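Peer 1: With the numbering used here applied, the sequence shown covers 2 to 358.
For each residue, glycine too, the CB sits at the ideal point set by N, CA and C.
The structure presented is a predicted model; accordingly, all values stated were derived computationally and were not measured.
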Amino acid sequence: MVRLTKQAEQNGSGSMSKTYQQTIAAIHELVDEGTVPGASYAFIDGQQVVAGRYGAESLVPGYEPLRAGQLYDVASLTKVVGTTNVILQLVAAGQLALTDSVSKYLAKWRYPQVTVRHLLTHTSGITGYIPHRDKLSAAELHDALLTLHVGENFNVKMVYSDINFIFLGWIAEAILGAPIQTLIAQHVLTPLGMQDSTFTPLDAQNCVPTEVSATRGVIRGVAHDPKAFVLQRHCGSAGLFATSDDLVRFEQAMLTGGESAPMPASFLSELSQDQTPLRHQWRSFGWALLPTKVPTTHNCIWHSGYTGTALVLDLTTHQGLVFLSNRVHPKAPNIRFLERRNALINTYLAEKATQAN
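#1: Which first and last residues belong to the alpha helix (DSSP H) in which Phe166 is found?
#2: Secondary structure at Tyr21, three-state DSSP: helix, strand or coil?
#3: If you draw a straight line from the C-alpha of Val115 to the C-alpha of Ala229, how long is it?
#4: Could you compute how far the alpha carbon of Val151 sits from the alpha carbon of Ser138?
#5: Measuring straight from C-alpha to C-alpha, what distance separates Gly15 and Ala333?
#6: Specify whether the region 321-340 and the region 55-72 touch according to this definition: at least 3 beta carbon pairs, one from each stretch, less than 8 Å apart.
#7: In whole angstroms, give me the CA-to-CA distance for Ile28 and Val82.
#8: In its own chain, which residues sit with a C-beta less than 7 Å from the C-beta of His123, not counting the 5 before and 5 after it?
#9: For Leu146 and Ile167, which I take to be in contact (beta-carbon distance under 8 Å), what is that distance rounded to the nearest angstrom?
#10: Let's test the definition: count the other Cβ atoms within 10 Å of the Cβ of Asp135 and tell me whether it reaches 16, buried, or not, exposed.
#11: Beta carbon of Asn347, beta carbon of Val37: below 8 Å?
#12: Is the beta carbon of Leu291 sitting closer than 8 Å to the one on Glu252?
#13: Could you give the distance in angstroms between the alpha-carbon of Asn343 and the alpha-carbon of Pro210?
#14: Note down, in chain order, each residue of its chain lying with its Cβ closer than 8 Å to the Cβ of Leu272, except the 5 sequence neighbours on either side.
#15: Mapping the DSSP letters down to three states, classify Gln276 as helix, strand or coil.
#16: State the DSSP-derived secondary structure class of Glu252, mapped to helix, strand or coil.
#17: Are the beta-carbon atoms belonging to Arg250 and Gly178 less than 8 Å from one another?
#18: Identify whether Tyr42 lies in helix, strand or coil by the three-state DSSP scheme.
#19: Which of the three DSSP states, helix, strand or coil, is assigned to Phe286?
#20: Would you mind reading off the limits of the alpha helix (DSSP H) that contains Thr85?
#21: Near Asp197, what residues of its chain come up, given a Cβ to Cβ distance below 6 Å and the 5 sequence neighbours on each side ignored?
#22: Could you check how far apart the C-beta atoms of Leu149 and Gly129 are, in whole angstroms? I think they sit under 8 Å.
#23: Would you call Tyr21 buried or exposed, if buried means 16 or more other Cβ atoms sit within 10 Å of its Cβ?
#24: Return helix, strand or coil for Gln96, following the three-state DSSP convention.
#25: Which parts of the region 184-238 are runs of the alpha helix (DSSP H), unbroken and 4 residues or longer, counting only runs that do not cross its ends?
#26: Exposed or buried, what is Leu203 when buried is set at 16 or more other beta-carbons lying within 10 Å of its beta-carbon?
#27: Ends of the alpha helix (DSSP H) at Arg118?
#28: What residue range does the alpha helix (DSSP H) around Ser267 cover?
#29: Would you kindly report the start and end of the unbroken beta strand (DSSP E) that includes His299?
#30: Quick one: what does DSSP say Val37 is sitting in, helix, strand or coil?
#31: Between Lys353 and Tyr42, what straight-line distance do the alpha-carbon atoms span, to the nearest angstrom?
#32: What does the alpha-carbon distance come out to for the pair Thr355 and Phe44?
#33: Given a threshold of 16 other Cβ atoms within 10 Å of its Cβ, counted over all protein chains shown, does Gly321 qualify as buried or as exposed?
#34: What are the boundary residues of the beta strand (DSSP E) that Glu153 is part of?
#35: For the putative contact between Arg217 and Cys208, defined by C-beta atoms under 8 Å, what is the C-beta separation to the nearest angstrom?
#36: Roughly how many angstroms separate the alpha carbons of Glu212 and Gly259, rounded to a whole number?
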């Protein structure tokens, strides 16, 4: 049994809480061993939710315990919560096609063989180096990204890159005439009632801080990701701030499906399948795939964020995990977190199997 301290709070149904005690214990261990300052989490089984938090939001300049309702910089979760859904809504509405060339919408892009599907599945092969990237203005970075080239991985290998989703955001902007972050708010956050989630937090003190940077100081209430910090509302790869409760709301909408889902039903039904051009790269539309055998062989979908966040969804058993931490506080990159996070997810998958049965 996990002992809850002054820094730990948990709520939910007793039976489900007991089922996930191993995963909760693993989360507590992440904090107790100093891998992360603190964590917020939620387990979803249909309409049942167990949620909790443990540890601190801040260690530097001083210790601050986590509080209810705080916003996390969710980093690359922006891709799957926001941009993926905006793009697939456009496809479902006939305003865009997965086979459309990126060049159709971004005139300065020189590689017409790259399609929307390539961007969504990270198989575009886009590569290259931009000197002094983080010192460029938004306009300069925009133009520089469009001068990158396509390498040998095009169409044959999944190589994860923010550039794919920055381009997808710009494609949505070209079609709908508004910044991608505005479009995410209009087409995803507001319809789902994610009323606390935002790209522009009004109160930085309600945000869990990320890195203590030599150049930016304590990063709090503004995007940690350098490209998102520069591109601001024109960045579809990162920049979203969300609460655990709002991400539970998002996951439940995805698990329930129907009209409440942010993703069109035609794509939601295919989301647990490999959608890469060669169909063997373990990548779907935006999401990565995780194999599981509950109750029969099928795939979960998941995504992580550099700041220490992760979502896991089992669309077959209607179960989900929300995990939020600030593993880059006070210092990035904290590589050991990655192995520990993967072990945590494996623990969750094993416990989830018991709950499903």
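Peer 2: Per the coordinate set shown:
#1: Residue 166 sits at position 165 when you count from the first residue of the sequence shown. Looking at the DSSP string, the run of the alpha helix (DSSP H) that includes Phe166 is 163-177.
#2: What you label residue 21 is simply residue 20 of the sequence shown in a count that begins at 1. In the structure shown, Tyr21 sits in coil (DSSP, three-state: anything other than H, G, I, E or B).
#3: Residue 115 sits at position 114 when you count from the first residue of the sequence shown. Residue 229 sits at position 228 when you count from the first residue of the sequence shown. Going by the C-alpha atoms only, they are around 23 Å apart.
#4: One-based indexing of the sequence shown puts residue 151 at position 150. One-based indexing of the sequence shown puts residue 138 at position 137. Spanning the two alpha carbons is a distance of roughly 24 Å.
#5: In the sequence shown, counting from the first residue as 1, residue 15 sits at position 14. In the sequence shown, counting from the first residue as 1, residue 333 sits at position 332. Because Gly15 sits at a pLDDT of 47, beneath the cut-off of 50, its placement in the model cannot be relied upon, and the point is left open.
#6: A contact is defined here as three or more CB-CB pairs under 8 Å, and the region 321-340 meets this definition with respect to the region 55-72.
#7: Counting from one through the sequence shown, the residue named residue 28 turns up at place 27. Counting from one through the sequence shown, the residue named residue 82 turns up at place 81. Approximately 23 Å, taken between the alpha carbons.
#8: Within the sequence shown, numbered from 1, the residue matching residue 123 stands at position 122. Cβ within range, chain order: Met159, Val160, Tyr161, Ser162, Asn165, Arg284.
#9: Residue 146 sits at position 145 when you count from the first residue of the sequence shown. Residue 167 sits at position 166 when you count from the first residue of the sequence shown. Correct: roughly 6 Å between the Cβ atoms.
#10: Within the sequence shown, the letter at position 134 stands for residue 135. Exposed.
#11: Translated into positions along the sequence shown, residue 347 becomes position 346. Translated into positions along the sequence shown, residue 37 becomes position 36. Contact flag unset, no.
#12: Within the sequence shown, residue 291 is the residue found at index 290, counting from 1. Within the sequence shown, residue 252 is the residue found at index 251, counting from 1. No.
#13: Counting from one through the sequence shown, the residue named residue 343 turns up at place 342. Counting from one through the sequence shown, the residue named residue 210 turns up at place 209. Asn343 and Pro210: Cα-Cα distance of roughly 23 Å.
#14: Residue numbering aside, residue 272 sits at position 271 when the sequence shown is read from its first letter. Cβ within range, chain order: Met264, Ser285, Phe286, Trp288, Ile302, Leu316.
#15: Along the sequence shown, one-based indexing puts residue 276 at 275. Looking at Gln276 - three-state DSSP - the assignment turns out to be coil, as it is neither helix nor strand.
#16: Looking up residue 252 in the sequence shown gives position 251. DSSP places Glu252 in helix when its eight states are reduced to three.
#17: Position 249 of the sequence shown holds residue 250. Position 177 of the sequence shown holds residue 178. Contact flag unset, no.
#18: By 1-based counting over the sequence shown, the position of residue 42 is 41. Looking at Tyr42 - three-state DSSP - the assignment turns out to be strand.
#19: Residue numbering aside, residue 286 sits at position 285 when the sequence shown is read from its first letter. Residue state, collapsed to three classes: coil.
#20: On the sequence shown, position 84 is the one that residue 85 refers to. Taken as a continuous stretch (DSSP letters only), the alpha helix (DSSP H) holding Thr85 covers 85-93.
#21: Position 196 of the sequence shown, counted from the start, is the residue given in the question as residue 197. In chain order, Thr244, Asp247 place their CB closer than 6 Å to the CB of Asp197, counting only its own chain and leaving out the 5 sequence neighbours on each side.
#22: In the sequence shown, counting from the first residue as 1, residue 149 sits at position 148. In the sequence shown, counting from the first residue as 1, residue 129 sits at position 128. That belief holds up - the Cβ atoms of Leu149 and Gly129 are roughly 4 Å apart, short of 8 Å.
#23: Taking the sequence shown and counting its residues from 1, one reaches residue 21 at position 20. With 16 or more other Cβ atoms within 10 Å, it is buried.
#24: Here residue 96 refers to the residue found at position 95 of the sequence shown. Reduced to three states, the DSSP call for Gln96 is coil.
#25: 227-232
#26: Locating residue 203 in the sequence shown gives position 202, where the first residue counts as 1. Leu203 is exposed by the Cβ-count criterion.
#27: By 1-based counting over the sequence shown, the position of residue 118 is 117. Counting along the chain, the alpha helix (DSSP H) containing Arg118 begins and ends at 117-121.
#28: By 1-based counting over the sequence shown, the position of residue 267 is 266. Run containing Ser267: 266-269, per the alpha helix (DSSP H) assignment.
#29: Along the sequence shown, read from residue 1 onward, the residue named residue 299 stands at position 298. Start and end: 299-306.
#30: The sequence position of residue 37 within the sequence shown is 36, counting from 1. Note: Val37 maps to coil in three-state DSSP.
#31: Taking the sequence shown and counting its residues from 1, one reaches residue 353 at position 352. Taking the sequence shown and counting its residues from 1, one reaches residue 42 at position 41. Near 15 Å, if we compare the C-alpha coordinates of Tyr42 and Lys353.
#32: In the sequence shown, the residue the question calls residue 355 occupies position 354. In the sequence shown, the residue the question calls residue 44 occupies position 43. One C-alpha to the other measures close to 13 Å.
#33: Locating residue 321 in the sequence shown gives position 320, where the first residue counts as 1. Label assigned to Gly321: buried.
#34: If you number the sequence shown from 1, residue 153 lands on position 152. Careful: Glu153 lies outside any beta strand (DSSP E) and carries neither H nor E.
#35: By one-based count along the sequence shown, residue 217 stands at place 216. By one-based count along the sequence shown, residue 208 stands at place 207. Not a contact, Cβ separation roughly 14 Å.
#36: Locating residue 212 in the sequence shown gives position 211, counting from the first residue. Locating residue 259 in the sequence shown gives position 258, counting from the first residue. Looking at the backbone, the Cα of Glu212 and that of Gly259 are separated by about 39 Å.
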